[in-house]
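Trainee: Structure in structure tokens, see below.
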């Protein structure tokens, strides 16, 4: 977990008596979000990038992000005037909406500061959920326990906040993943199915790659025009894409979003997630039926793929 910043004393060696070297830390959070939503916020790389930094003074740069058993996440925590702290996380077990286990190694300027085993247990209902994280820590530098307590505590507060603004939609589409991905990431086909029932898209610019964008108007059945601007920040072919949603070209951001594509015996499970910028925007979106409208969009994708 990238938010664990050691204190300045962390680069000094551990005293010979090994006092305080080993510790078991437990963190608990009750979250006003469904179980499936909390799991997505905990594991989806795009969501983790949203809540990873423990404070505004910290910037987290993700070098790798692969949330699969055997996959790893590598990030750099950057604080002005201090050396970067490198965090490597490797996923050892993932049981969706139940638990995860990962290792975590923290280093600074080429020296390993700590190693830890992190176990997350998740439980809950369709309305609320609970996260219990246990960290078995081996410090190789002083004060790592204090740093972990502060880092994990702040990070999990951020996670709970993001999960409570997170909307997750899923649909299993009876088509191979390559076909579904191709319909989504083709600049000619994406505008043909994107949007709820009765809506159409009018594209101004479209470049579906990391660093690319899609500037378009979504037109409602009554002719109302909704300007949209998607900025693509992470595109991993046939796996996932992450993007930022703006209210019109270069307008204010209203959500960070992602889509993931998972093979299920020849079919494709599509997960569409959005963390809205504020709790008010999230509640407003729910109020005007964003969940149902989003599911309609995935339904249009399924019908489009079936015709191909």
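Residue numbers (the working numbering): 672 to 979.
Each residue gets a CB set at the ideal place from its N, CA and C atoms; glycine is no exception.
These numbers were taken from a predicted model, which means no experiment stands behind them.
Give the range of the alpha helix (DSSP H) segment to which residue 949 is assigned.
Mentor: Here residue 949 belongs to no alpha helix (DSSP H), and DSSP marks it neither H nor E.
Trainee: If we call anything under 8 Å between Cβ atoms a contact, is residue 778 one with residue 801?
Mentor: Going by C-beta atoms, residue 778 is not nearer than 8 Å to residue 801.
Trainee: Just to check my reading of the structure: residue 848 and residue 973 have Cβ atoms closer than 8 Å, yes? What is that Cβ distance to the nearest angstrom?
Mentor: Wrong, their Cβ atoms sit about 13 Å apart, outside the cutoff.
Trainee: Beta-carbon within less than 8 Å of residue 977's beta-carbon, same chain only, minus the 5 sequence neighbours each way: which residues are those?
Mentor: Result list for residue 977: 845 and 846, in chain order.
Trainee: Around the C-beta of residue 675, are 16 or more other C-beta atoms found within 10 angstroms, so that it is buried, or is it exposed?
Mentor: Bear in mind that the predicted position of residue 675 carries a pLDDT of just 46, short of 50, making it too unreliable to give a figure here.
Trainee: I'd like the span of the alpha helix (DSSP H) that includes residue 861, first residue to last.
Mentor: From DSSP, the alpha helix (DSSP H) with residue 861 extends over 861–864.
Trainee: Along the chain, where does the alpha helix (DSSP H) that runs through residue 716 open and close?
Mentor: Run containing residue 716: 716–722, per the alpha helix (DSSP H) assignment.
Trainee: Helix, strand or coil: how does DSSP classify residue 970 here?
Mentor: Reduced to three states, the DSSP call for residue 970 is helix.
Trainee: Tell me the start and end of each unbroken alpha helix (DSSP H) in the segment 886–964 that is at least 4 residues and wholly inside, in chain order.
Mentor: With a minimum length of 4 residues, the continuous alpha helix (DSSP H) runs that stay inside the segment 886–964 are 950–958.
Trainee: If we ignore side chains and look at the alpha-carbon of each, how far apart do residue 806 and residue 788 end up?
Mentor: Spanning the two alpha carbons is a distance of roughly 6 Å.
Trainee: What does residue 881 pair with, by DSSP beta-bridge criteria?
Mentor: Residue 881 pairs with nothing; no bridge assigned.
Trainee: For a quick check, are the C-beta atoms of residue 837 and residue 944 less than 8 Å apart?
Mentor: In contact: residue 837 and residue 944 (Cβ atoms closer than 8 Å).
Trainee: For residue 856, name the three-state secondary structure that DSSP assigns.
Mentor: Residue 856: coil per DSSP, three-state reduction.
Trainee: Could you tell me the alpha carbon to alpha carbon distance between residue 770 and residue 894, rounded to whole angstroms?
Mentor: If you take the alpha carbons of residue 770 and residue 894, they lie about 46 Å apart.
Trainee: Which two residues bound the contiguous beta strand (DSSP E) that contains residue 826?
Mentor: Counting along the chain, residue 826 falls outside any beta strand (DSSP E), though it belongs to the alpha helix (DSSP H) covering 815–834.
Trainee: Between residue 793 and residue 710, is the Cβ-Cβ spacing less than 8 Å?
Mentor: In this structure, residue 710 lies closer than 8 Å to residue 793 by Cβ.
Trainee: Flag residue 764 as yes if its beta-carbon sits less than 8 Å from any beta-carbon of chain C, otherwise no.
Mentor: Protein chain content of the structure displayed is limited to a single chain, and chain C is not contained in it.
Trainee: Is there contact here, the segment 824–833 with the segment 717–728, by at least three beta-carbon pairs under 8 Å?
Mentor: The segment 824–833 is in contact with the segment 717–728.
Trainee: Of the choices 764, 814 and 899, whose alpha-carbon is the least far from that of residue 785?
Mentor: Checking every option, the nearest Cα to that of residue 785 belongs to 814.
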